[in-house]
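Trainee: Take this structure, written in structure tokens, and hold onto it; I'll ask about it next.
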Amino acid sequence: MPSIDILLAGIVNGLAAGAVYVLVAVGLTLIYGVLHIVNFAHGSLLMLAMYATYFLFAKAGVDPYAALPIVAGGAFALGYALYRGVIGRFAHGKDENILLITLGLSIALDNLALFLFTGDTQTIDVAHAQRMVEFGPLFLPRAKVIAFAAALAICAALGLWMARSDTGKAIRAVAKERQGARLVGIDVDHVFAVSYGIGIACLGAAACLLMPSFYVSPSSGHAFVLIAFTTVVLGGMGSFPGALAGGFAIGVIESLGGLLLGEQLGQIGISLAFILVLLLRPTGLFGARR
Amino acid sequence: MTPRARLLLALGAVAALALPLVLPSNYAVNVAVMILFSAFLGQAWNIAGGFAGQTSFGHVVFFGTGAYASTILHATWGWNPWLAWPVAALAGGAVGLGIGALAFRAGLRGSYFALVTLAFAEVFRILANSAEFTRGGLGILIKADARAANFQFKDPASLYYIALALVAASLAIAWWLRRSRFGAQLAAIRENEDAARALGIDVLRAKTLCMGISGAMAGAGGTFYAQKYLYIDPSIAFGVEKSVEMLLVSMIGGAGTVFGPLVGAIALGFVGEATRALTSAQGLGLVVYGMILVAIVARLPDGLIGLFARRIRRRGGRDA
Chain A
494 MPSIDILLAG IVNGLAAGAV YVLVAVGLTL IYGVLHIVNF AHGSLLMLAM YATYFLFAKA
554 GVDPYAALPI VAGGAFALGY ALYRGVIGRF AHGKDENILL ITLGLSIALD NLALFLFTGD
614 TQTIDVAHAQ RMVEFGPLFL PRAKVIAFAA ALAICAALGL WMARSDTGKA IRAVAKERQG
674 ARLVGIDVDH VFAVSYGIGI ACLGAAACLL MPSFYVSPSS GHAFVLIAFT TVVLGGMGSF
734 PGALAGGFAI GVIESLGGLL LGEQLGQIGI SLAFILVLLL RPTGLFGARR
Chain B
126 MTPRARLLLA LGAVAALALP LVLPSNYAVN VAVMILFSAF LGQAWNIAGG FAGQTSFGHV
186 VFFGTGAYAS TILHATWGWN PWLAWPVAAL AGGAVGLGIG ALAFRAGLRG SYFALVTLAF
246 AEVFRILANS AEFTRGGLGI LIKADARAAN FQFKDPASLY YIALALVAAS LAIAWWLRRS
306 RFGAQLAAIR ENEDAARALG IDVLRAKTLC MGISGAMAGA GGTFYAQKYL YIDPSIAFGV
366 EKSVEMLLVS MIGGAGTVFG PLVGAIALGF VGEATRALTS AQGLGLVVYG MILVAIVARL
426 PDGLIGLFAR RIRRRGGRDA
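Chains as they are written, first to last, in the working numbering: chain A, 494 to 783; chain B, 126 to 445.
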């Protein structure tokens with residue numbers, strides 16, 4: 494058994510890693526909660542946003558944190574257009590078709606990235622993000638501290654916006670009762686596309702927070718897909734607080750699993766936690782009872 | 126079956142039997158083997174995902190269990206692979222029953238069920254990656270010794286006929302499901318589970334049994350794969366790619382139909398080969414593949430088989 498200090502460090506590291514999972518999962522849970530679809534293209538779109546962050550820094554010298562509004566805005570536009578132009582249009586209202594379409598999109602996007610950017614991994618070196626911040630006995634790179642704070646702030650802002658704004662109300666109305674929302678004059682297809690766009694915008698934000706401490710390659714989205722699904726289910730599909738708690742829980746489980754079981758076997762913690770939650774409490778920690 | 130359908134089926138069977146004789150190269154025969162094999166695995170998925178409506182993202186777990194079971198028995202314990210084959214099917218079936226019982230008892234449906242199967246596949250992959258008896262990430266090599274008694278063949282045509290037999294058997298199972306009482310129960314569950322339960326169907330038993338059958342088929346497929354490539358490792362055996370392939374061929378062809386997976390496998394096989402031939406640039410072929418996938422869904426929401434069904438229905442309408 495490792496000492497308390499090491500365990501503590503593991504937990505803090507896990508929380509820091511979990512912050513990004515939260516952002517990736519918030520987008521997924523929003524898309525699931527409103528559209529009731531499993532978005533298989535989630536990882537590929539994250540990968541694209543990471544490349545955008547990378548190129549903005551490497552070619553134009555834009556700091557990834559300054560790039561956040563640009564990338565998130567671009568991601569929103571891409572998500573909106575993707576839903577309007579491809580997913581919503583071709584699905585014919587069948588969930589299996591949405592699954593196949595997002596799967597096809599993800600295959601196409603991953604390989605487009607492979608063709609355009611080659612399979613090499615790319616990193617960016619943001620000096621100010623590498624500096625260490627001291628927390629009592631612990632040291633954390635600044636990038637992770639920023640990611641942690643930003644994830645909390647973005648979740649809070651999104652939650653507030655969903656609760657207060659008219660568009661937020663429309664989204665919640667559509668999520669609860671599609672037909673009813675249409676009857677009171679809400680443009681349901683527009684709301685779907687906006688929700689999809691916001692979900693993808695969260696990925697844009699996640700990419701900017703991730704890049705200073707991570708790498709990007711055409712397949713780097715895959716690493717996050719299963720984790721994001723796990724987070725969403727753990728927290729309860731469609732629930733924001735759930736995605737928040739789930740993301741941090743997954744980060745800690747992953748970090749402690751690696752610490753206690755070793756690098757290889759440690760990955761099993763996430764999947765086991767996922768299976769146990771599903772079998773014992775299928776609606777997730779914060780999910781509404783069906 | 127109408128006389129015309131029977132004639133079509135007989136013609137198809139003759140064509141399938143004669144195919145290796147007319148194909149120009151070993152490469153072409155190999156492509157045909159892979160198409161048949163993916164039709165077989167797709168049918169395994171289709172039994173659970175199509176006929177019973179239990180969409181799974183982790184069907185590879187049964188394939189991998191079978192592949193590892195027979196390969197360990199053969200390469201480590203010295204069993205004859207033909208003898209290890211039924212054991213692999215049993216192992217796949219047992220895992221299918223186990224996962225099915227756990228998940229269905231917990232009441233998991235829809236995307237929840239799909240995601241839990243994905244997680245089970247991940248658990249198996251990580252275990253195979255770390256365990257001693259699976260030789261971890263190195264994988265297990267089967268010693269090359271091309272004799273029919275050893276389930277290894279010099280010419281791809283022999284493998285072709287084995288794959289063809291597998292497909293024929295899987296079609297027979299699907300056909301039986303179509304017509305039997307058990308199949309009708311599965312269809313009822315797919316259409317409306319609560320109504321099926323109200324009719325007195327033992328839903329839990331039917332769904333679990335169906336996962337067992339599907340798992341056994343995929344497990345048998347695992348042995349075939351291992352004996353064809355003489356190698357198996359955790360990411361081949363439990364990686365998400367094979368799960369995706371299984372559900373793709375079935376859904377593109379038409380889930381819940383007898384011939385859907387075969388039609389889907391042939392179509393996707395051709396698309397894959399064509400895009401590969403079109404360009405050698407890394408990734409570009411698969412970009413086209415992904416886009417064609419989206420296009421197929423956009424044009425044919427009921428799968429390729431829906432195209433035939435629609436034409437037959439239209440013709441039937443005119444005759445009557």
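Cβ coordinates follow ideal geometry from the N, Cα and C atoms, glycine included.
The structure presented is a predicted model; accordingly, all values stated were derived computationally and were not measured.
Residue ranges of each alpha helix (DSSP H) run of no fewer than 4 residues wholly in the segment 220–303 of chain B, ordered along the chain?
Mentor: 235–255
Trainee: So A/N590 contacts chain B; which residues on that side make the cut at Cβ distance below 9 Å?
Mentor: M376, V422, A423, P426
Trainee: Hey, could you find the ends of the beta strand (DSSP E) A/F632 is sitting in?
Mentor: 631–634
Trainee: Scan the segment 744–777 of chain A for residues whose Cβ lies nearer than 7 Å to a Cβ of chain B and list them as they occur along the chain.
Mentor: Residues are counted here when their Cβ sits less than 7 Å from a Cβ of chain B; for the segment 744–777 of chain A these are Q757, L758, Q760, I761, S764, L765, F767, I768, L771, L772, P775, given in chain order.
Trainee: Residues of the segment 716–729 of chain A with a CB closer than 8 Å to any CB of chain B: list them in chain order, please.
Mentor: L719, F722, T723, V726
Trainee: Of the choices B/T382, B/D327, B/A269, whose alpha-carbon is the least far from that of B/A298?
Mentor: The question names Ala, but residue 298 of chain B is Ile in the sequence shown. Of B/T382, B/D327, B/A269, the residue nearest in Cα terms is B/T382.
Trainee: Just how far apart, CA to CA, sit B/G415 and A/G586?
Mentor: 20 Å
Trainee: In this structure, does DSSP put A/F628 in helix, strand or coil?
Mentor: strand
Trainee: For A/I617, which three-state DSSP category applies?
Mentor: coil
Trainee: Within 8 Å of any Cβ in chain A, is that where the Cβ of B/V369 sits?
Mentor: Chain A contact via Cβ: present.
Trainee: Are the C-beta of B/L243 and some C-beta of chain A separated by less than 8 Å?
Mentor: yes
Trainee: Taking 8 Å as the CB-CB limit, is A/G799 close to chain B?
Mentor: Residue 799 of chain A is absent from the model: chain A starts at 494 and stops at 783.
Trainee: So with CB distances below 7 Å, who are the chain A contacts of B/S236?
Mentor: V531
Trainee: By the DSSP assignment, the alpha helix (DSSP H) with A/K669 in it spans what residues?
Mentor: Bounds of the alpha helix (DSSP H) holding A/K669 are 659–669.
Trainee: Below 8 Å on the Cβ atoms is my contact criterion, and I expect B/G232 with A/P775 to pass it. Report the Cβ-Cβ distance as a whole number of Å.
Mentor: 6 Å
Trainee: Out of curiosity, what's the CA-to-CA distance linking B/I357 and A/I691?
Mentor: 42 Å
Trainee: Could you work out which residue in A/L773, A/L758, A/D682 is closest to B/S255 when comparing CA atoms only?
Mentor: A/L758
Trainee: Would you tell me roughly how many angstroms separate the C-alpha atoms of A/I768 and B/A239, rounded to the nearest one?
Mentor: 12 Å
Trainee: Who are the neighbours of A/H535 on chain B, taking C-beta pairs under 9 Å?
Mentor: Simply none; closest approach about 13 Å.
Trainee: For the segment 300–320 of chain B and the segment 203–217 of chain B, state whether three or more C-beta atom pairs, one from each stretch, are separated by less than 8 Å.
Mentor: In short, these stretches do not touch, since the Cβ pair count stays below three.
Trainee: Across which residues does DSSP place A/V517 in a beta bridge pair?
Mentor: The partner list for A/V517 (beta bridge, DSSP) is empty, contrary to what the question assumes.
Trainee: So if DSSP puts A/Y689 in a beta bridge, which residue, or which two residues, is it bridged to?
Mentor: DSSP output for A/Y689 lists no bridge partner at all.
Trainee: Could you pull the DSSP bridge partners for A/V709 from this structure?
Mentor: A/Q615
Trainee: Taking 8 Å as the threshold (C-beta atoms), are B/M376 and B/G428 in contact?
Mentor: yes
Trainee: Taking Cβ positions only, does B/E318 come closer than 8 Å to chain A?
Mentor: When Cβ-Cβ separations below 8 Å define contact, B/E318 makes no contact with chain A.
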